[in-house]
Amino acid sequence: MTDRRDEERPAARLRPLTLSALAAAAAATVLAAVYGMGGFGRNDADAACRPAVETARRIAPRARGEVAAVAVSRAPRRVPDLAFLDGVGDKKTLDEWRGRAVLLNLWATWCVPCRKEMPALDGLQARLGGPRFQVVAINIDTRDPDKPKAWLREAQVDHLAYYADPSAKVFQDLKAVGWAFGMPTTLLVDPQGCELGVLAGPAEWTSEDALKLVTAAIGG
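This note's numbering puts the last residue of the sequence shown at 300; the count rises by one with no breaks.
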């Protein structure tokens, strides 16, 4: 019998995205290896992202405990201007958040770790969201666009604005630059749109460790 959950997953190219703990650890190891080559700013950082080098240096000691798997960038690069939809179907782009630090998260209802992580992301937005910081969680379910909204209501996720990309292109765009290995995928982005760190897998975003990391990225 076909598992109904399989019908909700994206096309075959996205089916392997849900990471087991072992796969998540392997992805984190790859990220750490790539990001850990040389000192801060030695991997030909994007010139526009040079200010982010100092921010990354500041937050690196705070990537520990509940957020130890966050691979802090040593050579920040500009994040692609990802395109997606808001809750009423209007087009949005990541550049619209320029001037604010962003925790960008890709999630799907078929991804169990994503669902478990969502209340913590909601809590992070409730604690720190405002003019200087925003959690931008983008759903990439490719079927039944009402299902993610219904799930969020059922889970009482009240503080996150709804964003979606039914084509899942945002995942492919991040995968193309080496920032997406599975689901969930999270990027910490500075106010200039430069990546500060990447996480493959979930985290407890309302933990003291996570709050310290994000607060440092905001500049607090």
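Using N, Cα and C, we set each Cβ at its ideal position, and we do this for glycine too.
query, result
"Identity of the residue in E234, A155, I139, T295 nearest R130 by Cα", "A155"
"Beta strand (DSSP E) segments (min. 3 residues) lying fully within the region 135 to 196", "163 to 166, 171 to 173, 181 to 187"
"Run of the beta strand (DSSP E) containing V237, from where it starts to where it stops", "Neither: V237 is in no beta strand (DSSP E) and is coded neither H nor E."
"Burial state of G277 (16 or more Cβ within 10 Å)", "buried"
"Of the listed residues A200, E275, P211, L184, nearest to Q236 (C-alpha basis)", "A200"
"Inter-residue spacing [alpha-carbon to alpha-carbon] between F251 and L186", "7 Å"
"contact_flag[the region 214 to 225, the region 182 to 198] where n(CB pairs < 8 Å) is 3 or more", "yes"
"A113 classed as buried or exposed, judged by whether at least 16 other C-beta atoms fall within 10 angstroms", "Residue placement at A113 is flagged as unreliable, the pLDDT there being 43, under the threshold of 50; a coordinate-derived value is accordingly withheld."
"Own chain, CB closer than 6 Å to V147, minus 5 neighbours either side, in chain order", "A283, D289, A290, L293"
"From D126, G203, Q272, E134, residue whose alpha carbon lies closest to that of L174", "Q272"
"Length of the line joining the Cα atoms of R233 and T286", "20 Å"
"Start-end ranges of the beta strand (DSSP E) lying completely within the region 200 to 236, minimum 3 residues", "213 to 219"
"Reference R30; option with closest CA among L267, L204, A244", "The shown model of the chain, from 81 to 300, leaves out residue 30, and the question about it has no answer."
"Start and end residues, beta strand (DSSP E) containing T265", "265 to 269"
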